[in-house]
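Contents: one structure, followed by commentary.
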Amino acid sequence: MLKINFGAIILMKKAKGRQLSFITYEASQKIKKDDPLKIIFESIDWSFIYPIIKDKYTTDRELVYDPASLFKAQLLIWLGEAKSNRRLAESLQFDSRFCVLCGFDNFLKTPAHSTFSYFRKRI
């Protein structure tokens with residue numbers, strides 16, 4: 001029996017039950033280790049978000065976007081990477097670095113600006 005080691009495919013991790021795509025994995029590998037946003041985002045324990053939003057979201061269906069990812073994206077505005085929710089939504093469509101750092105694993109389906117507005121109102 002021939003065993004093939006696909007390396008990168010084996011190293012892909014699951015995020016909340018979803019398997020990351022090879023494209024997401026490749027994009028994450030292209031982000032430099034000393035990237036300032038990467039350093040900031042990796043140094044924060046994002047688990048504090050879930051207790052905050054638990055009463056704001058119903059649990060009977062799966063969320064389209066992880067609340068931690070939406071929160072990270074909102075931080076991009078405060079860190080000067082985007083000027084508004086509309087610009088943030090546009091940046092996520094074209095900048096895979098932002099998608100990876102925020103945790104959006106589907107580059108083709110990023111949040112619209114109205115999603116960010118709704119998220120901010122809920123929290």
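Position one of the sequence shown corresponds to residue 1 (full-length UniProt numbering), numbered consecutively onward.
Note that beta-carbon positions come from the ideal geometry of N, C-alpha and C, so glycine has one too.
All of these numbers come straight from a predicted model, not from anything done at the bench.
Cβ-based neighbour list, residue i, same chain, cut-off 6 Å, excluding 5 preceding and 5 following
{"i": "TRP46", "result": "ALA68"}
{"i": "ILE49", "result": "PRO67, ALA68, PHE71"}
{"i": "LEU37", "result": "LEU101"}
Residue i vs residue j beta-carbon contact at 8 Å
{"i": "PHE41", "j": "LYS72", "result": "yes"}
{"i": "ILE44", "j": "ILE123", "result": "no"}
Distance between residue j and residue i (C-alpha atoms, nearest Å)
{"i": "GLU62", "j": "GLN93", "result": "22 Å"}
{"i": "ASN106", "j": "ALA27", "result": "12 Å"}
{"i": "ARG120", "j": "LYS109", "result": "20 Å"}
{"i": "SER96", "j": "ARG87", "result": "15 Å"}
{"i": "LYS32", "j": "LYS54", "result": "34 Å"}
{"i": "LEU2", "j": "TYR65", "result": "With a pLDDT of 36 at LEU2, under the threshold of 50, the predicted position of this residue should be treated as unreliable, though the coordinate-derived value follows. Using only the alpha carbons, I get a separation of about 39 Å."}
Alpha helix (DSSP H) segment containing residue i, residue limits
{"i": "LEU63", "result": "Taken as a continuous stretch (DSSP letters only), LEU63 belongs to no alpha helix (DSSP H), as it is neither H nor E."}
{"i": "ALA27", "result": "22–29"}
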